[in-house]
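Numbered by the UniProt record's numbering, the letters in the sequence shown go through residues 1 to 815 in order. Here the structure comes first, spelled out in structure tokens, and everything after it is commentary.
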Amino acid sequence: MTYTTRQLAEITQSELIGNPNLPVKNIAFDSRNIFSSKEMAFIAIRTQKNSGEKYIKSAIEKGVEVVICQKKPEETLGATYIITENSIAFLQKLARYHLSQFGGLKTIGITGSNGKTMVKEWLYQCLNDEFNIVKSPKSFNSQIGLPISLLQIDDRHNLGIFEVGISQPEEMKVLEEVFSPKIGILTNIGTAHLINFRDENHLIDEKIALFKNSEIILFNGDNERVLAKIKALYSDKKLISYGLKSTNDVKIISDWKNRNKEVKMSYFGEHINLPVHQRDEATLSNVLCVVALMKELGIENSKILKKVEGLKSVEMRLESVEGLRNNLIINDSYNLDLDSLNIAYQFINEYNKAHKVLILTSFAETKNDDKFYEQVARLTNEQKFDKIFLIGKEISNYKHLFSAETLSFDSTEQIVSNQQLHTIENSLILLKGARKFRIDKLKLSLELQKHDTVLEINLNSILHNINVHKAVLKPETKMMAMVKAFSYGLGGYEIAEFLQHHHIDYLTVAYADEGADLRKHGISTPIMVMNPEQHSHNAIIEYNLEPEIYSFRVLDMFCEQLKIKGYNGKYPIHIKLETGMHRLGFKGDEIDYLIERLNSLPVKVQSVFTHLATADMPEERDYALEQIKIFDENSSKLVRGLAYKPLRHILNSPGIANFSEYQFDMVRIGIGMIGFSANEEIQKQLQNAVSFKTVISQISIVRKGETIGYSRKFMAEEDCYIATIPVGYADGLPRLLGNGVGRVKINGSYAPIVGNVCMDMMMVNLGNIPAKEGDVVSIFDSLEELLYFSEKCQTIPYEVLTSISRRVKRVYVKN
1 MTYTTRQLAE ITQSELIGNP NLPVKNIAFD SRNIFSSKEM AFIAIRTQKN SGEKYIKSAI
61 EKGVEVVICQ KKPEETLGAT YIITENSIAF LQKLARYHLS QFGGLKTIGI TGSNGKTMVK
121 EWLYQCLNDE FNIVKSPKSF NSQIGLPISL LQIDDRHNLG IFEVGISQPE EMKVLEEVFS
181 PKIGILTNIG TAHLINFRDE NHLIDEKIAL FKNSEIILFN GDNERVLAKI KALYSDKKLI
241 SYGLKSTNDV KIISDWKNRN KEVKMSYFGE HINLPVHQRD EATLSNVLCV VALMKELGIE
301 NSKILKKVEG LKSVEMRLES VEGLRNNLII NDSYNLDLDS LNIAYQFINE YNKAHKVLIL
361 TSFAETKNDD KFYEQVARLT NEQKFDKIFL IGKEISNYKH LFSAETLSFD STEQIVSNQQ
421 LHTIENSLIL LKGARKFRID KLKLSLELQK HDTVLEINLN SILHNINVHK AVLKPETKMM
481 AMVKAFSYGL GGYEIAEFLQ HHHIDYLTVA YADEGADLRK HGISTPIMVM NPEQHSHNAI
541 IEYNLEPEIY SFRVLDMFCE QLKIKGYNGK YPIHIKLETG MHRLGFKGDE IDYLIERLNS
601 LPVKVQSVFT HLATADMPEE RDYALEQIKI FDENSSKLVR GLAYKPLRHI LNSPGIANFS
661 EYQFDMVRIG IGMIGFSANE EIQKQLQNAV SFKTVISQIS IVRKGETIGY SRKFMAEEDC
721 YIATIPVGYA DGLPRLLGNG VGRVKINGSY APIVGNVCMD MMMVNLGNIP AKEGDVVSIF
781 DSLEELLYFS EKCQTIPYEV LTSISRRVKR VYVKN
């Protein structure tokens, strides 16, 4: 639904400055994700750490004509303004009004700690042919995300499925006033966000407040506290409990762990055989919830079974991999609707590629809908792709709507056999398709590395971890990200590009070659070089890198190179002080002469810093405090001697956690981005950002008395199943993990490594684990597993990650 600027102001009791008749159909709160300005308003959100008002100019430059903010502008820049007391309250008030215009809409509200998005997407898969559905895009469920989701409702819809999430007490009270669902669903209650609540009881009380006015409540009854509280508080409503315990209304009544048997469920005593293949507790609980809701909506069993059998795992992610011919492949072949298309288009704008190519399939849920495909074409044309490949007869009918050079194919097989794709180079290639077209096959033919072993990096988790660390800092404190050593093994420019998009202030590499490679890939963020070797000074200057200067010898050599290059002006450098690490840096008795030299040379000090030796050691806190004292004294003296004020920084990741009161002007984050902290409270909030995976190449029966591998180090004491997996010490798994020291995870269970680890492969004993060739093998997929792996390698996570071979394919995912 479209509102005029006058209507928006009237609905929210806000002040209007400018044109009262401009139409607004969509509202954006992140200027970086504005790729279509038509009928778009930008809302400037204020938080404790930032203000969207800083990005108003950027939004206007992208074509936005309407701005919603809390402060009257000094100059309008040609835009129309809606001035409100609180931008978040504006969204909530507008969403409440908007929802009230659709009294006939059946609404489902999903809350809980885990499984909200999975249940929402599965309900959508099962019900989209029964209803015209509007749903939350991705996991939009917060104080901002829920209102944005509700504003998508229009006259076509007769069912709305929305996630509702909270992370603080009292938030649900606000959201329930915005959205009061007719049907409430409570998924699993776990430890997510528990840190902000007194205990689990407090968290449950806050979550179930959403159901105050619901008519029906479906809830996971395996949690006894949840069961007791809902029955006590909502006894007047229709309650349906589901779960694996026998006390639930909807439950599993067969041995679901036995893969050779059917899974049998009971729905209030009615027995139904479920066609499910994945049999972990979370999946089965989510399936029970979906079936229970379909039964409640009156869908017959034969349809339900067909829908459940057709359920696809919800891969709510986009992944990027390095492609052939210097291409970057963005794979989003998991689902296709307008929400996910918008998200994909936002995602590709984070990459600095001059040329873009789109491969797009027909949408599974439309049948030659002219208006729908006109909208798809309009969104797509705004991306200015160089070339578009369409797959599917339906979307090919609308080929004429696309403004770029457009080719069409009936099937994925047809485009694979065509050679056009192999002429693309130096481009970003977005693969966006409905599952049935299987365009993930194209990724295999386009990607550079084919190794089944991958290191998967979750970019959302990296950003989350950065924000957790930022939360203990002042808003004005800058942040430098360490991307040395191939970003701690996670990848070079891919991580740097992501950080640059999210406005990191500085990047740091160890050597000039690393910095030069980032510049070649379009990274423009300031880059500090920690080890400016004398033979690299020319490259540092050529690629506008900023050297760390730690001695008079390095200072003089660098300035001599500036002279040779004919550099005019003051070149940016960083001064390292020695305060107790005894590695590199100027000492206290050198400061006076350093000031004299710096003031006479063609350089400008961008920052002064040092390194704490014991920031992660509580027992050595006094030593760290002594270093901080020395740094404060010496850096203050240095700054007083200059005609300007450089930045000062001393804290690394553990320093941010344990000494945040000494943050000075900037901090440095490294291992904290990946998910590790020396502070227990911060550690609870961090997310795992990296997973090391491979697959089973072969499964063999090894008879009692037979041996395995080089040197025959393992002899079978009984007949056993042995899986060979394609990863070895050349990939980063040291030989010391062999012979039962290390383990891998297959289908949720652990299998010990047997025999010696080989260069390119190793063997594991499956025991009773049900597995088949091609199954995924996890070497580590959580912070706990990475720590365990590191301990077994007799080292630390830093060394583990930086030791993973470059031949292991890096895959970057964004949920």
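Don't be surprised by glycine CBs; every beta carbon is placed ideally from N, CA and C.
- Shown here, Lys25 sits in coil according to DSSP, grouped into three states, outside any helix or strand.
- With fewer than 16 neighbouring CB atoms inside 10 Å of its own CB, His271 falls in the exposed class.
- DSSP assignment within the segment 54-123 yields the following whole beta strand (DSSP E) runs of 3 residues or more, N-terminal first: 66-69, 80-83 and 106-111.
- DSSP, read as helix, strand or coil, puts Ser51 in strand.
- Taking 4 residues as the minimum length, the alpha helix (DSSP H) runs contained wholly in the segment 500-581 are 512-520, 537-542 and 552-565, in order along the chain.
- In the three-state scheme derived from DSSP, where H, G and I count as helix and E and B as strand, Thr610 is classed as coil.
- Shortest Cα-Cα distance from Asp665 to any of Ile769, Ser790 and Asp505 involves Asp505.
- Per the DSSP secondary-structure output, His649 pairs in a beta bridge with Phe609 and Met666.
- Pro602 carries a coil assignment under DSSP once its states are collapsed to helix, strand and coil.
- Boundaries of the beta strand (DSSP E) around Asp332: Leu328 to Asp332.
- Rounded to whole angstroms, the separation of the alpha carbons of Tyr543 and Ala354 is 20 Å.
- The C-beta of Leu733 has 16 or more other C-beta atoms within 10 Å across all chains shown, which makes the residue buried.
- Here the alpha carbon of Gly492 sits roughly 12 Å from the alpha carbon of Glu322.
- With 16 or more other Cβ atoms from the protein chains shown falling within 10 Å of its own Cβ, Lys307 counts as buried.
- The beta carbon of Phe437 sits closer than 6 Å to those of Thr361, Ile391 and Thr412, all from its chain and outside the five residues before and after it, given in chain order.
- Contact check between the segment 758-767 and the segment 788-807: fewer than three CB pairs, one atom from each, fall below 8 Å, which does not count as touching.
- Beyond the five residues adjoining it in sequence on each side, Ser180 comes within less than 6 Å, by CB distance, of Asn213 in the same chain, given in chain order.
- Within the DSSP secondary-structure output, Tyr242 pairs in a beta bridge with Asn220 and Val250.
- For Tyr729, no alpha helix (DSSP H) encloses it, and the DSSP letter there is neither H nor E.
- In this structure, the beta-carbon distance from Ile166 to Leu186 does not fall below 8 Å.
- Under the rule that a run must span 4 or more residues, the alpha helix (DSSP H) segments found entirely inside the segment 452-492 read 459-470 and 484-488.
- Beta-bridge analysis with DSSP links Asn273 to Lys264.
- Counted as a single uninterrupted DSSP element, the stretch harbouring Ile208 is not any beta strand (DSSP E) but the alpha helix (DSSP H) occupying residues Glu200 to Ile208.
- Between the alpha carbons of Asp731 and Ile746 lies a distance of about 19 Å.
- Contact between the segment 413-433 and the segment 284-295 is absent: fewer than three C-beta pairs spanning the two stretches fall below 8 Å.
- A distance of 8 Å or more separates the beta carbons of Val667 and Thr694.
- Put simply, the segment 141-151 does not touch the segment 54-73. Fewer than three CB pairs are less than 8 Å apart.
- Spanning the alpha carbons of Glu215 and Phe372 requires a straight line of approximately 34 Å.
- Using a 10 angstroms sphere on the CB of Leu455, the tally of other CB atoms reaches 16 or more, which defines it as buried.
- No Cβ-Cβ contact shorter than 8 Å links Ile68 with Ala95.
- Setting aside the 5 residues that flank it on each side, Leu507 is surrounded in the same chain by Ala481, Val483, Ala496, Thr525 and Ile527, each with a C-beta closer than 6 Å to its C-beta; the list follows chain order.
- Under the three-state reduction of DSSP, Asn352 is assigned to coil, being neither helix nor strand.
- Beta-carbon to beta-carbon, Ile153 and Leu105 are separated by about 7 Å, close enough to satisfy the 8 Å threshold.
- Counting C-beta pairs with one atom in each stretch, the segment 623-640 and the segment 425-436 have fewer than three that are closer than 8 Å, which means they do not touch.
- If you compare the alpha carbons of Ile27, Tyr571 and Arg810 with that of Leu448, the shortest gap goes to Arg810.
- The secondary-structure analysis by DSSP pairs Ile17 across a beta bridge with Tyr81.
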